[in-house]
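Add 2 to the 1-based position in the sequence shown for the working numbering, that's all there is to it.
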Amino acid sequence: MGAIEVANSEELNMKELVKRLSKLDVNKLEKLRSQIDKVVAYKKAPTKAERESQLVKEIKRKIPNSLIKYKNSLVTKLKDGSIVEKEKEDLNFTINYLDELNAERIVLMGELAKLRIVDILLVAREFNKHNL
């Protein structure tokens, strides 16, 4: 087991540390646990560079061209009046799904902008073909 250095430079092994901690009252143990949980969460959190890389990857995630082509074909049928009821349902579902993906993408761009400390429009221009 590892050892933990304490203030007076003596080292405790984990077994001894647990033994000493078991002598604390419940309130002190809960406060210590809370502080340890914060330390663990901080150490598990991705670095700024790792999170930025994750966000860029998620934002760049492509929508399949086949889905876009399918939606466009249904829109064409809707415009020329040849669409059937099942296709209307598919079109509505597809449009809603694409809207959800775009909303998620905007949230991710907002998080990336906040991380980079820049305006979201700069991030949006980076990932969109058309400037806003």
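Built from N, CA and C at the ideal position, the CB exists for glycine as well. A quick note: this is a predicted structure, and the numbers were derived from the prediction, not measured.
- Listed in chain order, the non-local C-beta contacts of I85 below 8 Å within the same chain comprise L76, K79 and L93, local neighbours out to five positions each way being set aside.
- Judged by DSSP in its simplified three-state form, N15 adopts strand.
- At a Cβ-Cβ threshold of 7 Å, L57 and L19 do not count as neighbours.
- By the C-beta criterion, the region 58-75 is judged not to be in contact with the region 38-47, since fewer than 3 inter-stretch pairs fall below 8 Å.
- Apart from the 5 residues on each side of it in sequence, R107 sits with its Cβ closer than 7 Å to the Cβ of I61 in its chain, given in chain order.
- Take T96, set aside five residues on each side of it, and the residues of its chain with a beta-carbon closer than 6 Å to its own are K73, in chain order.
- Within the region 45-108, complete alpha helix (DSSP H) segments of at least 4 residues are found at 50-62 and 67-82, given in chain order.
- The alpha-carbon of D39 is positioned some 37 Å away from that of F129.
- Residue environment for L114: buried (at least 16 other C-beta atoms within 10 angstroms of its C-beta).
- DSSP, read as helix, strand or coil, puts N130 in coil.
- Within the model, the alpha-carbon separation for T49 versus E87 is close to 50 Å.
- CA-CA distance, K71 to A105, rounds to 20 Å.
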